[in-house]
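J.: Numbering (our numbering), first residue to last: 2 to 84. We treat Cβ as the ideally placed atom computed from N, Cα and C, and that holds for glycine. Computed from a predicted structure; not experimentally measured.
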């Protein structure tokens, strides 16, 4: 936490997932699926989303500056940045 942003780092011990290849939960064929909305919601609520460790780790950044709304989070991968 600092004056401008709040960051969360979450890591899981599971096998991870392909965060670049997710079904669109708003597509008509997916609307009644019981799952698949979590990453969609995260990307729309956070100002920045960064995945790493094959999808087992995510860093969420939220701007604390008044009026700093982002319509959709910028999503990056630290694996891609390291390449």
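(1) Taking 8 Å as the threshold, find out whether the stretch 14 to 21 comes into contact with the stretch 29 to 39 through three or more Cβ pairs.
(2) So which of 9, 2, 55 has the shortest CA-CA distance to residue 43?
(3) Taking a contact to mean a Cβ-Cβ separation below 8 Å, would you say residue 24 touches residue 57 in this structure?
(4) For the alpha helix (DSSP H) containing residue 46, list its first residue and its last residue.
(5) What does a CB cutoff of less than 6 Å around residue 54 pick up in its chain, not counting 5 residues either side in sequence?
(6) When burial is assigned at 16 or more other CB atoms within 10 Å of the CB, is residue 72 buried or exposed?
T.: If we stick to the structure as given:
(1) Counting Cβ pairs under 8 Å, fewer than three are found: no touch.
(2) Residue mapping note: residue 43 aligns to position 42 of the chain shown, counting from 1. For residue 43, the nearest C-alpha among the options comes from 9.
(3) Your numbering for residue 24 matches position 23 in the chain shown. Your numbering for residue 57 matches position 56 in the chain shown. In this structure, residue 57 does not lie closer than 8 Å to residue 24 by Cβ.
(4) The residue given as residue 46 occupies position 45 in the chain shown. Residues 39 to 46.
(5) Within the chain shown, the letter at position 53 stands for residue 54. There are no such residues.
(6) Position 71 of the chain shown, counting from 1, holds the residue named residue 72. The predicted position of residue 72 is uncertain, since its pLDDT is 49 and thus under 50; no value can be drawn from it.
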